[in-house]
Structures are given as C-alpha cells and as structure tokens.
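Numbering of the sequence shown is given in this note's numbering, commencing with residue -12 and proceeding in unit increments.
Here the structure is laid out as structure tokens; the discussion comes afterwards.
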Amino acid sequence: MRLAIVILSIVTVLLSLISLPYSSHALEAVEVWTARYNNQGGSHDEPTCLALGEDGSVYVGGYSSHSTQGYDYLLIKYDNDGNELWVNRHNGPVSIDDWIHDLELDNDGNIIVTGSCGVALYWWDFVTIKYSPDGTELWTASYNGPGDLSDLYPSLAIDEEGNIFISGESYGDSTAGKDIATIKYDADGNELWVQRYDAGGMGDWSNDIAVDVDGNVFVTGTSAPVAGSYDITTIKYDTGGSEQWVAQYDGSMNDTDIGRALTVDGDGNTYVTGSILATGEYFDYVTIKYDNDGNEVWTRNYGDPFHSGDIPAAITVNDAGDVYVTGTNFNGHAQNYLTIKYSSDGFQQWTAQYDNNGSYGNDEVKDITLDSEGNIYITGWSDGYGTMKDYATVKYSPEGEEIWVARFDGALHYDTGIALVVDDDDYVYVTGHSITDSTWTDFLTVKYDQVIVGVESDSPAFLPELFQVNAYPNPFNPTTTITFDLPVASTITLNVYDINGRNVGTKHASHLHNVGFGESDLQFYTPGSHSITFDASGLASGVYLYRMEAGEFIGSGKMVLLK
C-alpha cells in the first residue's frame, strides 16, 4: 500500500550504484549444458582435444572403440547450445587402433585433426585429415617414417596461410630408434617438407609444436645424445624447413629431462616447460625462455620442499610476456594442481595450489588457457569427497586469487577433464571422459557460464520471463543503452561489475547519464519499457556484468567494451 502511494506521487528515475563487499568469489561457474557421446554399449570413447569455431561451434576429437575394428578417430561438432550437429569416424586401413591426438581450426573454419592410424599389428603412421565445417572430408595425408615402423603422438599447429605442421616421434629404422619428425603440409594436404632430428642416442621425440606469425615452427620434446641420458630439446625451423637452431637443456642430474609443452610470443621468444630429474627418482618443473636466436634468456626451476615429484602439463603466455605454467605437484601425501606465474623477466610472481581433498586424494592438471582479461583457467581431474574422480576446473585472477572452482561429477563418479577453451564472451568449455556403465567411458563436454552470486537483496526471485534486461550495442565503445521492461512500478538498482566480480559502479558513478542518482533520489520507474545510457569512457576494455534489481525482480547480462 505504501509503495502504491509513493508511485502515485513520484514518477521519476532512480539509478543507485552501490558498493557491496564483493570479493572475486562473487563469480561462480554454472553449467549451461552438458553433451555426452556414447558410441555403443560396452565401448570406450576417449576425447583428447577441443576447439571452438568463430560461430560458437564446439569440436571435440579423440577416439572411440568399435566392436570389430578397434579404436577409430572420432570427431564431433556441437552447436553453441550443445546440440550434436555431426559425428565423423575414421577407420584406418587395417581396422586396428586409430587415435586423434590433436585438433586445430584454420582461418576458414576448416577442422584439421592429426593422430596415428594402425597399418599393421603394433605399427602406426601419422594420419592428418582436413574437414570442412559441414563435416565433409577434404583430404587425408599419411606419413610413414623411413623405418617402416611406428609414427606416434603427433601435435599440430596451423599458420596464418593455412599451412599445417605436425611433429611427433618416428622410427628411423630398427637400429636407430626414434627421431623427432616434423612435417609441413599446404592447405590442400600436399607435403611440402619433412625434417627429422636424431641426437644419436636412439631416443628422440617431440611433445608439442607451435608456429609464430612469420610461419617459423618450434617443437619441443626430448632427445638422447647418448643412450640413457635425455635432455630437453627445442628446435626452430623456418617456413622453408631449414633448421635455425637447436637448444638443449640438461638438468643437474644429467639424467631424464623432458620438454612437455611450449608456446611463442609476438616477439619471437619461445617458452618451454618440462620436467627434470632433480633428486633420486623425483622430478621438478623447469621453465626456459629462449630469444629469437635460441639463446637462453632465463631458466627457472620449481621443486616442492618434499622433493616428491612436480611435473608440468601446460604453458601459456600473455601479451605482456607473463608466463603461466601449470601441472601436478606431489606434496609427500597426494598430488595437487600447481600453477606458477613468472614475469617476462623470469621473476616468480605467485604460485597457486588446488587441493580438493587434502592428503586423502589426488588432483592432476591437464590443460590451461587465458581469457581476454588475463584470468587463468585450468582443468583436469580431482578426487572428490565420497567420489572417485571429478572434472575440476579452476579460475584464477591475474594476481593468483582463486575466483571459482567448477566440478563435474557423473553418475558413476569417475570423470576426467582433459581440455578446455574460453570464448570471447567468457563462456568456458571443458571436455573429458565420464564413466556411465561399469568401466566404459563416454565423451562428456560441459559449457559453463560465469554469473554473479552472493548479492545481498531483499528480492529473492529471478523471473527473466517477466523482467528482461539487455544492452545494445554490445560490444560497444564507449556507450551502450541498457533497456528493460518493468512488469510493475518499482525502484531500480543497477550494479556493474568487472569480470572478477568487483563493483565498478561506485567508482564510476559519474559515468551513468540520463538518470538521477544519489542517496536522495530514491524514486520509482513506472511499469513498461525504459532505457539507460551507460558511458564507460573511464573503464578499460573487457567484459562487464550488469545486474538490475526492481523490487522482487532481477535481470542481468554481459556487455563487452572494445576500445
């Protein structure tokens, strides 16, 4: 009754930007959809890689067992709502095991997968396939090394011109052992060159590949200059396949040192992370920065005080040259996620551990990525409370603060996250395998949204069908119009947050125009359609979240500022 009296006497505008005691935990990851693929009852379906198209399509690659032909390549396309659009299987020439190992998209949205296909019992060749966005197979290219034995575990990179590079382990002959084999194909699948690297000790293989803006190719892995001693080996080839440099790193124990992942920045620097035998039988992280000529700029080791084993899994670098390494740390009792940030000069900025279940469970990282704001996302698997394994995806701020943890626990409580990507709207996609029938595994892909939670309000209901709030244009620079339809007359409270959940409204209160605001303007909007102009001239580019409360109704959304 009091509300009605006030409405009759005051029909004006309210915009109140309030500062709530938010921490970065004001954001939470919420499942938007899950998509499960089960080829047939009693089969193993195992994803290994994940990519996004510019239209929001989701591609998952891996392998899938067949009742009569072993494992096949398996590639699935989903739309952005999680609907399965098509499935492609590839069976090698002799119907034994075939595995997709890596997946990338070119600038035209074509999908390229690489892996190994069985050609004889215990022998495999590299097989690379290009598909169009509608799933049509465009070409297939195979590589059989000179030893006519096995070629395994290729990684994949694509340059701006659509050329395709793969690198993996390949047997030279029965006496020479494994070499690092790197191959370049053009966009039509024609083999342009092959380079093989043999350090002489019968054991060389690569684990990762990257290409820079000039089409130079970088691979990292390990090589054995002498039998039984392995060094981290990183190689640069130019676009024509000429070897530019080889950098080897031998740890203090002169034993088993393995390059596990690498990335390159826009200045031609190369960053490698790997594991080095540090003491006894336990490993430490090592991270190395090389300049464009292969000179070692800095090297940083990280070992847990327990010296119980630290093995990195992935590395990435931001535009400022800050380096993020993630992997698994063994603290003497159990495995944990361990993520480290280094500055471009190699100074350790922070370390962050994720340990879900204390000394009673293990956690193992598989992948890392960054968003446009510099936040860090990692995924893998984690022992749960009362469960075996869950997907565990963690988001950290650039300062190393844990923002949220998202866990996926399937019906039989055995789920392993393998890969993740984040799109331009900060939706997070994770794929892995999930057991649903005794010991058989399915592809399981999850899409998460990031939403604001924990806002104190006397208005508990969220009825989007009655209260729609939108921003247009979106993306915008520097102004956008926030429109909303009120079902009833009400006060309005609008809060704007950055992607880490910090309220930027109070600080930037003068940037909201065309409305009255301030402590004395507690007035009402009438029922119907309204709009507010939001001016973000004083804010940095990025994703912002807006939340509007109107009595018992709440509306929210995302807007992207591009300057």
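We put the CB at the ideal spot given by N, CA and C, even for glycine.
This structure is a prediction, so every number in the text was calculated from the model and none was measured.
Query raised in the report: Near GLY43, which residues of its chain fall below 6 Å by C-beta distance, leaving aside the five closest residues on each side in sequence?
Result: ASN67
Query - Buried versus exposed call for GLU351 [16 or more other C-beta atoms within 10 Å across all chains shown] - result: buried
**Report entry** Contact set for GLY261: own chain, Cβ-Cβ below 6 Å, skip 5 residues either direction
**Finding:** ILE219, ILE245, GLY246, ARG247, VAL273
Report task. Give the single residue among VAL491, ASN70, TYR24 whose Cα lies nearest to the Cα of SER51. Result -> TYR24
Query raised in the report: For GLN27, does the three-state DSSP call read helix, strand or coil?
Result: coil
Query raised in the report: Where ILE170 and ASP358 are concerned, what is the direct C-alpha to C-alpha distance, given to the nearest angstrom?
Result: 31 Å
**Report entry** Contact the segment 277 to 284 vs the segment 300 to 314: 3+ CB pairs below 8 Å
**Finding:** Flag = no, the segment 277 to 284 and the segment 300 to 314 do not touch.
**Report entry** One or two residues paired with PHE334 in a DSSP bridge
**Finding:** Partner(s): none; PHE334 has no beta bridge.
**Report entry** MET535 - containing beta strand (DSSP E), residue span
**Finding:** Taken as a continuous stretch (DSSP letters only), the beta strand (DSSP E) holding MET535 covers 529 to 537.
Query - Residues of its chain near VAL74, where Cβ-Cβ distance is below 6 Å and the 5 sequence neighbours each way are ignored - result: ILE63
Query raised in the report: Less than 8 Å separating the beta-carbons of TYR184 and THR221?
Result: The answer is no: Cβ separation not under 8 Å.
**Report entry** Unbroken beta strand (DSSP E) run spanning GLY367, endpoints
**Finding:** 363 to 370
Query raised in the report: If we call anything under 8 Å between Cβ atoms a contact, is SER421 one with LEU407?
Result: No, the Cβ-Cβ distance between SER421 and LEU407 is not below 8 Å.
Report task. Kindly indicate which three-state DSSP category ILE486 falls into: helix, strand or coil? Result -> coil
Requested in this report: Measure the C-alpha to C-alpha separation of ALA393 and ASP485 and round it to an integer number of angstroms.
Outcome: A straight line joining the alpha-carbon of ALA393 with that of ASP485 spans about 20 Å.
Report task. Would you tell me roughly how many angstroms separate the C-alpha atoms of LEU14 and SER82, rounded to the nearest one? Result -> 48 Å
Query - Close-in-space but distant-in-sequence residues of the same chain around TYR289 (CB under 7 Å, 5 per side omitted) - result: The residues are ASP271, TYR272, ASP297, ILE327.
Query raised in the report: Is it right to say SER239 is buried, meaning 16 or more other beta carbons lie within 10 angstroms of its own, or is it exposed?
Result: exposed
Query raised in the report: DSSP puts LEU481 in a beta bridge; with which residues?
Result: MET535
Query raised in the report: Can THR115 be considered in contact with the ligand MN, in the sense that its beta carbon sits closer than 7 Å to one or more heavy atoms?
Result: This structure simply doesn't include the ligand MN, nor any ligand for that matter.
Requested in this report: Evaluate contact between the segment 30 to 45 and the segment 408 to 418, counting only Cβ atoms and requiring at least three cross-stretch pairs below 8 Å.
Outcome: Of all C-beta pairs linking the segment 30 to 45 to the segment 408 to 418, three or more are shorter than 8 Å, placing the two stretches in contact.
Requested in this report: Less than 8 Å between the CB atoms is what I'm expecting for ASP309 and TYR329, so what's the real figure, rounded?
Outcome: 7 Å
Query raised in the report: DSSP on GLY79, reduced to helix/strand/coil?
Result: DSSP places GLY79 in the coil class of the three-state scheme, outside both helix and strand.
Requested in this report: Kindly confirm or deny that the segment 151 to 170 and the segment 128 to 139 touch, where touching means at least three C-beta pairs closer than 8 Å.
Outcome: yes
Query raised in the report: Got a sec? Which residues, its chain only, sit under 7 Å from ALA107 by beta carbon, not counting five neighbours each side?
Result: For ALA107, where only same-chain residues beyond five positions count, the Cβ hits under 7 Å are VAL81.
Query - ILE355 to ASP429 span [Cα, whole Å] - result: 22 Å
Query raised in the report: Skipping 5 residues on each side, what residues in its chain have a beta carbon closer than 6 Å to that of VAL475?
Result: PRO514
Requested in this report: Kindly indicate which three-state DSSP category SER142 falls into: helix, strand or coil?
Outcome: Reduced to three states, the DSSP call for SER142 is strand.
Report task. Just tell me which of GLY348, TRP111, VAL233 has its CA closest to the CA of ASP631. Result -> Given that the chain is displayed from residue -12 to residue 550, the structure contains no residue 631 and the question cannot be resolved.
**Report entry** For SER239, the residue or residues it bridges with in DSSP
**Finding:** Note: SER239 sits in no beta bridge, so no partner.
Query raised in the report: Taking DSSP as the reference, what is the three-state secondary structure of ASP173?
Result: coil
Query raised in the report: CB-CB under 7 Å to ASP173, same chain, minus the five flanking residues each way: which ones, in chain order?
Result: The answer, listed in chain order, is ASN150, LEU179.
Query raised in the report: Going by beta carbon distance, what residues of the same chain come within less than 6 Å of TYR46, once the five residues before and after it are set aside?
Result: ALA38, LYS64, ILE98
Query raised in the report: Who pairs with GLY397 in a beta bridge, going by DSSP?
Result: None, per the DSSP bridge assignment.
**Report entry** Coarse secondary structure for ALA307, derived from DSSP in three states
**Finding:** coil
Report task. Starting from the N-terminal side, write out each stretch of the beta strand (DSSP E) that is 3 residues or longer and does not extend beyond the segment 181 to 213. Result -> 192 to 198, 204 to 213
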